[in-house]
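Worksheet: the structure to be examined is printed underneath.
In UniProt numbering, the protein residues as written are 1 to 233.
Structure below.
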């Protein structure tokens, strides 16, 4: 498979950006774990997001509509003292798979959860997002709707952010407003930390730059093999 790349250097740069080969363990370990995370988790997330829209037939259905909203997030907050014995094997500290569960349930999966002050704040933040999503289908904090008898009501209810989530270049939406993904953009997501941040690039954009080309080529190879099988049967 070439996937549009003619040289190994092009593959490396697509995965990790413009970089030079290095024997430094401080650079090799993070690069290896990025590759491992892509193969085990991150690529599957993007494939699932794409499949959610590909399953719909029309262009109108392929938009994220009020009845079909998908909110993507990436957990980045962590407490370096919370990994227990597992932390002894980690080349560096960062949020890991299922790390968000302890902040939702208050239970540690690989070590006893002893939340510090920041962890408790994180529990409130994540709890708020998930509660809003369960109650309203939207994780963003809801503004209190103005009443018709409020003489100070100078802003239309149409300014509520969830009413304008699909308006292109809307000035009514905060930069940190959590937008749902769409068929055209499956990478926009919220990074969950003490200061949640809306991001347009998912895990460095590696799936968009490289892995989706691998997926697409596998699909083409599979289709060709199926045609050969049908022709020979």
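Where is the CB? At the ideal position from N, CA and C, for every residue including glycine.
What residue does the beta strand (DSSP E) around residue 259 start on, and which one ends it?
Lying outside 1 to 233, the shown extent of the chain, residue 259 is not represented and no answer is given.
For residue 181, which residues from the same chain have a beta carbon less than 7 Å from its beta carbon, with the 5 sequence-adjacent residues on both sides left out?
49, 64, 70, 72 and 188
Inter-residue Cα distance where the pair is residue 108 and residue 100
10 Å
Please state the DSSP three-state secondary structure of residue 123.
helix
Does residue 52 come out as helix, strand or coil in the three-state DSSP assignment?
helix
Beta-carbon separation (whole angstroms), residue 29 vs residue 91, contact threshold 8 Å
4 Å
Beta-carbon proximity list for residue 200, same chain, < 8 Å, skipping 5 on both sides:
185, 187 and 188
Quick one: what does DSSP say residue 192 is sitting in, helix, strand or coil?
strand
Could you pull the start and end residues of the alpha helix (DSSP H) that residue 103 belongs to?
101 to 105
Between residue 35 and residue 44, what straight-line distance do the alpha-carbon atoms span, to the nearest angstrom?
13 Å
Output yes or no for whether 7 Å exceeds the beta carbon distance between residue 86 and residue 103.
no
Could you please give the first and the last residue of the uninterrupted alpha helix (DSSP H) stretch that includes residue 30?
25 to 37
Comparing C-alpha positions only, which one of 120, 83 and 54 sits nearest to residue 112?
83
Taking C-alpha atoms, which residue in 54, 68 and 123 lies nearest to residue 179?
68
Measuring CA to CA, which of 183, 125 and 216 is closest to residue 53?
183
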